[in-house]
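Some notes on the structure that comes next.
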Amino acid sequence: MTRSGAHLQPPTQIMTEEPWEDPVEEAVQADAGRSGPTWEREGASPGSFLATAKAVLLAPTSMFQSMRREGGMGSPLLFAACGGAIAIVAGTIYQCVFGMLSGSLAINELIIGLVAAPVVMVILLFVGACIHHLILMAMGCGQRGFETTFRVEAYTVGATWLLGVIPLCGSILGIPWVIVCLIIGLAEAHEISRGKAAVAVLIPIVLCCLGMTLIVATTGMLAQHLAQHLG
């Protein structure tokens, strides 16, 4: 028996909210307002490639503010591959020209380079993205996922590889440019401070420099030690 004043909850008043969030809906909300680069909006073409590369190199902030953080890694990977292919072809042409001028053209080495370079570029792209994302995760800044980091990496590297078409100084110009674009891209895509993004980008570079310095110093000391004993 229940008291007459007690009210039972009508059976129609049931909770309609889901106890979990739809991951697809979360992804859509996370990319709300992000239209994506021209390369993704208009499809792969020479025009969209140049427009996207120009946006990365000259307006990286707006480029990565509009970049979708999800949507697959195939399109960014293709963009990076196109940039790498252009750099490889340009480098091969320069090697042929300089080789013929100096009389030291090695056809076999050029062929091996053309075959191996794309594979090496793709491997380095994934390795770089993994390293940067691991550092972001260690700082608690990688919640957007590896795909977001990879997309930033692929668009940045694909665009800056184009600088390799500039003879002699293209690669030198590309080093600081890729660092700056990566810092801006990671900051805008993961919505973190540029200081934290700089830490993620610069730590591997600093460690590589320290490692190379240690190797050179150790090699020099060993050479000096051997020279003293042999002398």
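Residue numbering for the sequence shown is 588 to 818, as defined by my numbering. Using N, Cα and C, we set each Cβ at its ideal position, and we do this for glycine too. Since the structure is predicted, the reported quantities are computational estimates derived from the model, not experimental observations.
query: When the Cα atoms are used, what is the spatial distance from L797 to V803?; result: 10 Å
query: Ends of the alpha helix (DSSP H) at E775?; result: G757 to H777
query: Report yes or no: do the region 749-761 and the region 732-739 share at least 3 C-beta pairs separated by less than 8 Å?; result: no
query: My understanding is that L769 touches V793, with C-beta atoms under 8 Å, so please give their C-beta distance in whole angstroms.; result: With 8 Å as the limit, L769 and V793 do not qualify as a contact, their Cβ atoms being about 14 Å apart.
query: Contact between the region 708-720 and the region 633-643 is defined here as three or more beta-carbon pairs at a separation below 8 Å; is this criterion met?; result: no
query: If we count the other Cβ atoms within 10 Å of its Cβ and call it buried at 16 or more, is H812 buried or exposed?; result: exposed
query: Which complete alpha helix (DSSP H) runs does the region 646-674 hold, if anything under 4 residues is left out?; result: 647-653
query: So, helix, strand or coil for L637, using DSSP?; result: helix
query: Does the count of Cβ pairs from the region 779-792 and the region 721-730 closer than 8 Å reach three?; result: yes
query: Is P624 closer than 8 Å to M650 when the C-beta atoms are compared?; result: yes
query: Alpha carbons only, please: which of F666, I680 and V684 is nearest the one belonging to M708?; result: F666
query: CA-CA distance, L822 and V706?; result: Lying before the first or after the last residue shown, residue 822 is absent from the chain, which here runs from 588 to 818.
query: Applying the 10 Å Cβ sphere with the 16-neighbour rule, what's the burial state of I771?; result: buried
query: Alpha helix (DSSP H) containing E627: first to last residue?; result: T625 to R628
query: Using the Cα positions of V767 and I698, report the straight-line distance between them to the nearest angstrom.; result: 33 Å
query: Can the beta-carbon of A746 be found less than 8 Å from the beta-carbon of G670?; result: yes
query: For R781, which residues of its own chain have a beta-carbon under 8 Å away from its beta-carbon, when the five flanking residues on both sides are left out?; result: I770, I771 and A774
query: Return helix, strand or coil for A704, following the three-state DSSP convention.; result: helix
query: Leaving out five residues before and five after S653 in sequence, what residues of the same chain have Cβ atoms less than 6 Å from its Cβ?; result: R621 and S622
query: Do A704 and I675 count as a contact pair if the criterion is CB distance below 8 Å?; result: yes
query: Could you work out which residue in L750, G807 and A776 is closest to A677 when comparing CA atoms only?; result: L750
query: Under the three-state reduction of DSSP, which class applies to C728: helix, strand or coil?; result: coil
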